[in-house]
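Chemist: Take a look at the following structure, please.
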Amino acid sequence: NAGVTQTPKFRILKIGQSMTLQCAQDMNHNYMYWYRQDPGMGLKLIYYSVGAGITDKGEVPNGYNVSRSTTEDFPLRLELAAPSQTSVYFCASSYPGRAFFGQGTRLTVV
Amino acid sequence: EDQVTQSPEALRLQEGESSSLNCSYTVSGLRGLFWYRQDPGKGPEFLFTLYSAGEEKEKERLKATLTKKESFLHITAPKPEDSATYLCAVQAPIKAAGNKLTFGGGTRVLVKP
Chain R
1 NAGVTQTPKF RILKIGQSMT LQCAQDMNHN YMYWYRQDPG MGLKLIYYSV
51 GAGITDKGEV PNGYNVSRST TEDFPLRLEL AAPSQTSVYF CASSYPGRAF
101 FGQGTRLTVV
Chain F
1 EDQVTQSPEA LRLQEGESSS LNCSYTVSGL RGLFWYRQDP GKGPEFLFTL
51 YSAGEEKEKE RLKATLTKKE SFLHITAPKP EDSATYLCAV QAPIKAAGNK
101 LTFGGGTRVL VKP
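Line order of the protein sequences matches chains R and F.
Residue 1 is where the first sequence starts when you use the numbering used here, and the numbers rise one by one after that.
Residue 1 is where the second sequence starts when you use the numbering used here, and the numbers rise one by one after that.
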């Protein structure tokens, strides 16, 4: 069972560069999420989706964009990377009562 | 706005020394309270979901309980492999909000042999 798969696992970006973090799930979940986790902190919600074609902002959406063209995929786009976006990013999918997380993408912006 | 506060931030235990982690929450209509375990460099791993005050759930050395204002994660006779960060989260009360979770800051547990 693959569950939630995130790529890449690590990435270093220069200030002003752009990139897309990939997330795919094979559990046919409608709900998907992107969280960021800063050192020693809990997870903060960036964006979420309740189904293909439907996305909405979470707690910390500035500097990010998402799309949801299929049930399986939920990529997160960073435009004009900034040092404040250095963090670990987690993608998750859920059904009511339980969320499943990927292994994370550690992003450093220098 | 949903708020979740976990205490203590860090906990050092000797192997076999039982203890409890606290999760205090403020939410307008609790739909579920979740406990996750997170190992370094890994994503959160699901432990429990609690839905109503008085509910308890157990898994090996872990037991989670829920009241109207807080949840406790009790670790009984911990072993070094129980060392991890334990995260608490509450689920948004409005279905239209996508079942999203609001997390606390976590408690880092270190169990020494």
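Virtual Cβ for every residue (Gly too), placed ideally from N, Cα, C.
The structure presented is a predicted model; accordingly, all values stated were derived computationally and were not measured.
Taking 9 Å as the threshold (beta carbon to beta carbon), is Asp73(R) in contact with chain F?
Modeler: no
Chemist: Under 9 Å, Cβ to Cβ, is there at least one residue of chain R near Gln3(F)?
Modeler: no
Chemist: Check whether the segment 13-29 of chain R touches the segment 80-92 of chain R, counting contact only when three or more Cβ pairs, one atom from each stretch, lie closer than 8 Å.
Modeler: Here the segment 13-29 of chain R makes contact with the segment 80-92 of chain R; the two share three or more CB pairs at distances below 8 Å.
Chemist: CA-CA distance, Tyr31(R) and Leu76(R)?
Modeler: So the alpha carbons of these two residues sit roughly 15 Å apart.
Chemist: Secondary structure at Glu60(F), three-state DSSP: helix, strand or coil?
Modeler: coil
Chemist: Would you say Phe72(F) reaches chain R, if we count a Cβ-Cβ gap shorter than 9 Å as a contact?
Modeler: no
Chemist: Kindly indicate which three-state DSSP category Gln103(R) falls into: helix, strand or coil?
Modeler: Reduced to three states, the DSSP call for Gln103(R) is coil.
Chemist: Let me confirm a value: Pro80(F) is counted as buried when at least 16 other C-beta atoms fall within 10 Å, else exposed. Which label applies?
Modeler: When all chains shown are included, Pro80(F) counts as exposed.
Chemist: Please determine, among Gly51(R), Ile12(R), Ala82(R) and Ala2(R), the residue with the shortest C-alpha to C-alpha distance to Phe74(R).
Modeler: Gly51(R)
Chemist: Tell me the rounded alpha-carbon separation between Val111(F) and Glu45(F).
Modeler: 19 Å
Chemist: With a cut-off of 9 Å, does the C-beta of Gln25(R) fall near any C-beta of chain F?
Modeler: no
Chemist: Just checking: is the beta-carbon of Lys63(F) within a distance shorter than 9 Å of some beta-carbon in chain R?
Modeler: no
Chemist: Can you tell which of Val27(F), Leu30(F), Arg31(F) and Glu9(F) has the C-alpha that lies nearest to the C-alpha of Leu21(F)?
Modeler: Nearest of Val27(F), Leu30(F), Arg31(F) and Glu9(F) to Leu21(F), Cα basis: Glu9(F).
Chemist: Looking only at its chain, what residues have a beta carbon closer than 7 Å to the beta carbon of Pro8(R), apart from the 5 residues adjacent to it on each side?
Modeler: Thr105
Chemist: Looking only at C-alpha atoms, which of Val4(R), Arg11(R), Gly53(R) and Arg68(R) sits nearest to Gln85(R)?
Modeler: Arg11(R)
Chemist: Check this for me: beta carbons of Leu47(F) and Leu73(F), under 9 Å apart or not?
Modeler: yes
Chemist: Mapping the DSSP letters down to three states, classify Ser84(R) as helix, strand or coil.
Modeler: helix
Chemist: Determine, using beta carbons only, whether Ala84(F) comes closer than 9 Å to chain R.
Modeler: no
Chemist: Considering only residues of the same chain and omitting the five flanking positions on each side of Asp56(R), which have a CB-CB separation below 8 Å?
Modeler: Tyr47, Tyr48, Ser49 and Val50
Chemist: Of all the options Arg68(R), Gly42(R) and Val66(R), which has the alpha carbon lying nearest to the alpha carbon of Lys87(R)?
Modeler: The amino acid occupying residue 87(R) in the given sequence is Ser; Lys does not appear at that position. With distances taken between Cα atoms, Ser87(R) lies closest to Gly42(R).
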